[in-house]
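Numbering (the UniProt record's numbering), first residue to last: 1 to 117. Report on the following structure.
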């Protein structure tokens with residue numbers, strides 16, 4: 001999975017799906033978001049097992065489709081930290097996603113998408 005997205009196009013849907021279902025969960029995977037990249041879209045899914053919220057973002061640049069999970073709070077904090085007009089490149093490499101924007105580099109652990117309910 002590899003795609004490029006503007007910060008403002010990623011931050012708003014992240015906030016929408018994470019704020020609605022925030023809080024600590026008994027299942028660790030519920031603290032994660034499911035990221036699905038198709039040829040044209042990024043689908044961001046959050047659930048608490050009773051409610052599922054999906055945000056769909058149109059992507060202009062997709063290098064490689066894919067699917068993974070990422071810890072909600074960490075991804076949200078990184079996006080908030082970056083400058084407003086930043087371009088963000090997100091790449092999946094084995095059990096991690098790499099987030100690059102300008103000189104900033106972040107690496108986040110993932111869980112297999114098959115574990116997401």
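Just so it is clear, CB atoms sit at the ideal spot from N, CA and C, and this is done for glycine as well.
Would you list, in sequence order, the uninterrupted beta strand (DSSP E) runs of no fewer than 3 residues that lie entirely inside the segment 59-96? 61-64, 66-71, 87-93
Taking 7 Å as the threshold (C-beta atoms), are residue 38 and residue 69 in contact? no
Limits of the unbroken beta strand (DSSP E) element including residue 3: 2-6
DSSP three-state call for residue 110: helix, strand or coil? coil
Cα separation between residue 73 and residue 3? 20 Å
Assign residue 104 to one of two classes, buried (16 or more other C-beta atoms within 10 Å of its C-beta) or exposed (fewer than that). exposed
Under the criterion of a Cβ to heavy atom distance below 6 Å, does residue 10 qualify as lining the ligand NAD? Annotation note on the ligand NAD: not contained in the displayed structure, which lists no ligands.
Mark residue 17 as exposed unless 16 or more other C-beta atoms lie within 10 angstroms of its C-beta, in which case mark it buried. buried
In the DSSP assignment, find the unbroken beta strand (DSSP E) run with residue 41 in it and report its ends. 41-47
Quick check on the DSSP output: the beta strand (DSSP E) that includes residue 33 runs from which residue to which? 32-37
Go ahead and pull the three-state DSSP assignment for residue 18. helix
Should residue 35 and residue 57 be called a contact, given that it needs their Cβ atoms to be closer than 7 Å? no
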